[in-house]
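Residue numbers (the working numbering): 0 to 194.
Beta carbons are placed, not taken as given, at the ideal position from N, Cα and C, and that holds for glycine.
Inspection log for the structure reproduced underneath, given as structure tokens.
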């Protein structure tokens with residue numbers, strides 16, 4: 000299942016949650032490919048906490064990065080590379096006349112085991128706290144792009160605040176993921192084998 004849930008105030012997107020979850024029908028399941036973005040040394044990330052990313056086995060990480068929105072304005076153009084969920088959300092927002100900032104801060108949590116995967120992005124709009132972005136032509140030119148953000152004290156402080164939030168939220172996210180674990184099937188012995 001996949002959902003894009005937005006918080007809208009005065010026809011402006013001020014926050015959103017992107018959720019993607021799968022659970023394997025087979026027990027034990029075959030697992031899932033390695034979580035995208037959860038790699039040490041990724042220069043596009045403002046922060047990375049890496050528990051483990053073992054493809055088709057145990058995976059756990061969370062990260063902070065820039066969610067650069069201008070490509071969403073071209074949601075109807077199939078030549079523009081946009082994830083299907085984001086394309087659908089952008090089309091819906093456009094139809095409703097909802098605007099959004101150039102940059103949102105993405106705090107993304109990922110957990111996977113052989114039986115399921117859960118990835119949730121919490122998108123925060125820094126404008127809500129009075130922190131605006133300079134106009135940028137690409138994500139790499141954005142004030143919020145990892146190499147650029149430290150040059151802006153207010154943005155660096157906001158990212159530090161998001162890191163604290165993520166550190167506090169990570170155990171809750173893991174607990175929520177664990178609650179989806181399938182209950183082991185108890186196999187009763189064959190009646191003929193009982194005394």
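Looking at the structure shown, is residue i part of a helix, part of a strand, or coil, going by DSSP?
{"i": "residue 49", "result": "strand"}
{"i": "residue 105", "result": "strand"}
{"i": "residue 75", "result": "coil"}
{"i": "residue 135", "result": "coil"}
{"i": "residue 111", "result": "strand"}
Label residue i either buried or exposed according to how many other C-beta atoms from any shown protein chain fall within 10 Å of its C-beta, with 16 as the threshold for buried.
{"i": "residue 188", "result": "Confidence at residue 188 is low in this model, with a pLDDT of 47, below 50, so its placement is unreliable and the value that follows should be read with caution. By the neighbour-count rule (16 or more Cβ atoms within 10 Å), residue 188 is not buried but exposed."}
{"i": "residue 154", "result": "buried"}
{"i": "residue 124", "result": "buried"}
{"i": "residue 88", "result": "buried"}
{"i": "residue 141", "result": "buried"}
{"i": "residue 53", "result": "exposed"}
{"i": "residue 163", "result": "exposed"}
{"i": "residue 2", "result": "exposed"}
{"i": "residue 119", "result": "buried"}
{"i": "residue 30", "result": "buried"}
{"i": "residue 136", "result": "exposed"}
{"i": "residue 76", "result": "exposed"}
Would you kindly report the start and end of the unbroken beta strand (DSSP E) that includes residue i?
{"i": "residue 18", "result": "11 to 22"}
{"i": "residue 117", "result": "115 to 123"}
{"i": "residue 65", "result": "58 to 67"}
{"i": "residue 130", "result": "That residue, residue 130, is in no beta strand (DSSP E); it is neither H nor E in DSSP."}
{"i": "residue 2", "result": "1 to 8"}
What is the residue span of the alpha helix (DSSP H) that residue i lies within?
{"i": "residue 88", "result": "83 to 94"}
{"i": "residue 167", "result": "152 to 177"}
Note down, in chain order, each residue of its chain lying with its Cβ closer than 6 Å to the Cβ of residue i, except the 5 sequence neighbours on either side.
{"i": "residue 20", "result": "0, 117"}
{"i": "residue 86", "result": "74"}
{"i": "residue 18", "result": "2, 119"}
Under 8 Å Cβ to Cβ from residue i, same chain only, skipping five residues before and after it: list those, please.
{"i": "residue 165", "result": "46, 48, 61, 63, 106, 108"}
{"i": "residue 173", "result": "59, 110"}
{"i": "residue 180", "result": "112, 114, 115"}
{"i": "residue 169", "result": "48, 61, 108"}
{"i": "residue 99", "result": "11, 12, 68, 71, 92, 124"}
Excluding sequence positions up to five away, which residues of its chain have a Cβ less than 7 Å from the Cβ of residue i?
{"i": "residue 112", "result": "57"}
{"i": "residue 138", "result": "65, 67, 144"}
{"i": "residue 207", "result": "Given that the chain is displayed from residue 0 to residue 194, the structure contains no residue 207 and the question cannot be resolved."}
Using 8 Å as the cut-off, can you tell me whether the stretch 91 to 102 makes contact with the stretch 7 to 22, which would need three or more C-beta pairs spanning the two stretches below that distance?
Judged by Cβ distances under 8 Å, the stretch 91 to 102 makes contact with the stretch 7 to 22, as three or more pairs qualify.
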